[in-house]
Amino acid sequence: MHAAGGPLPLRELADVTDCSSRQLQRDFDDVLGVSPREYGASVRAMNARHTLRSADSITDAIYSAGYGSVRAFYEKASRRLGMTPSDFAAGAPQHLQIRSSTESAVCHLTCVAGPRGICLLLHSNADQSTPEGDELRIREEFPHAIIERDDRAMRDVMRALCLIAEGKLAPELPVDVTGTAFQTRVWAALREIPFGETRTYADIAEEIGEPAAIRAVGSACGANRVPLTIPCHRVIRSDGTLGGFAWGLEVKEDLLAAESSPLRRQ
DNA sequence: ACTGTCTGTGCTT
DNA sequence: AAGCACAGACAGT
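The following block contains the structure:
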């Protein structure tokens, strides 16, 4: 489907992968958490991001991305862009984001936020190099945005992030992240986990109505660009082991220990 | 436990 | 109106 740039008939996929169409449906659901058709729709939407950049007109881009009509594009894909197609086609030059960095008691934090909320949160400690790596990661995520450092505007946000990083109760922060339909559902479920509690990957899968998509929940947690604010550290495995965490298992362990200790609550 | 067939339902074109 | 994908039920391995 990536080669084709969009969804493929189920029969065709089944022939290529040499398994039955029913089995393919089940495998997609188990591993990816979405149906083959839905996955293809995401591929096509991603494809549209590229054609929008290169085509002469929005309409051309929409058709060459494989949509049958302009209407279909606006219904299915335009929400994923996070801006109007014409803004996106122009490279979103006017999109302004602010960033700030601070030292928490535990680690160095760098946060990038747009008008609607936090869109990226990076962490580093003494072992790892900081500024260049962060810069690269930010550029990778937002290649066309204007990003300015503004510590004053971010002061309250950074303060709240420090609290969470230390395992203390903090005000909820607005987030502005885009993902697949499935990721969005997982991230929303993660934000429902109360401070001081944990859930298993299976719990989350159950909660979003995809009880089989346990591994997919794990991937969605891994794809979380704003740890702490979307508390993926509160998800552990059913057997009690920690599972994974982008910032390292030690950090995850410390966070959970601090959050569950009543003495350190505020 | 895993797999394929059959089938009713609902969405898309 | 026709075709297709989806997902539950069921039976065979």
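Residue numbers 439 to 704, in the numbering used here, belong to the letters of the first sequence in order. Backbone N, C-alpha and C define an ideal beta-carbon position, used for all residues, glycine too.
Rounded to the nearest whole angstrom, the C-alpha separation of Leu611 and Val673 is 19 Å.
The region 613-630 makes contact with the region 648-658: 3 or more CB pairs, one atom from each, lie closer than 8 Å. When Cβ pairs closer than 8 Å are counted between the two stretches, the region 675-689 is seen not to touch the region 493-513, the count staying below three.
Residue pairing by DSSP places Ala643 opposite no residue, since no beta bridge is assigned to it. If the five residues before and after Ala643 are omitted, its C-beta is found closer than 6 Å to the C-beta atoms of Pro649, Ala651, Ile652, Val655, all from its own chain and listed in chain order. Within a 10 Å sphere around the beta-carbon of Tyr512 sit fewer than 16 other beta-carbons, which makes this residue exposed. According to the DSSP secondary-structure assignment, Val689 is paired through a beta bridge with no residue.
Beta-bridge pairing by DSSP links Val550 to Arg537, Leu558. Ile668 sits in coil when the DSSP states are folded into three classes, being neither helix nor strand. If you check the CB distance, Arg663 and Leu534 do not come in under 8 Å.
Inter-residue distance for Glu570 and Phe466 is about 38 Å (C-alpha atoms, whole angstroms). According to DSSP, Glu586 shares a beta bridge with Ile536. With respect to the 8 Å criterion, Val613 and Ile668 are classified as neighbours on the basis of their beta carbons. The beta carbons of Arg482 and Pro523 sit no closer together than 8 Å. Relative to the Cα of Cys670, the nearest Cα in the group Ala640, Asp677, Arg629 belongs to Arg629.
Within the same chain, Cβ atoms closer than 6 Å to the Cβ of Gly681 are found at Ile674, Arg675, the five residues on either side in sequence being excluded. In the DSSP assignment, Arg637 is bridged to Val673. A distance below 8 Å between beta-carbons, with the five flanking residues on each side excluded, links Arg575 to the following residues of its chain, in chain order: Leu558, Leu560.
No Cβ-Cβ contact shorter than 8 Å links Cys549 with Leu490.
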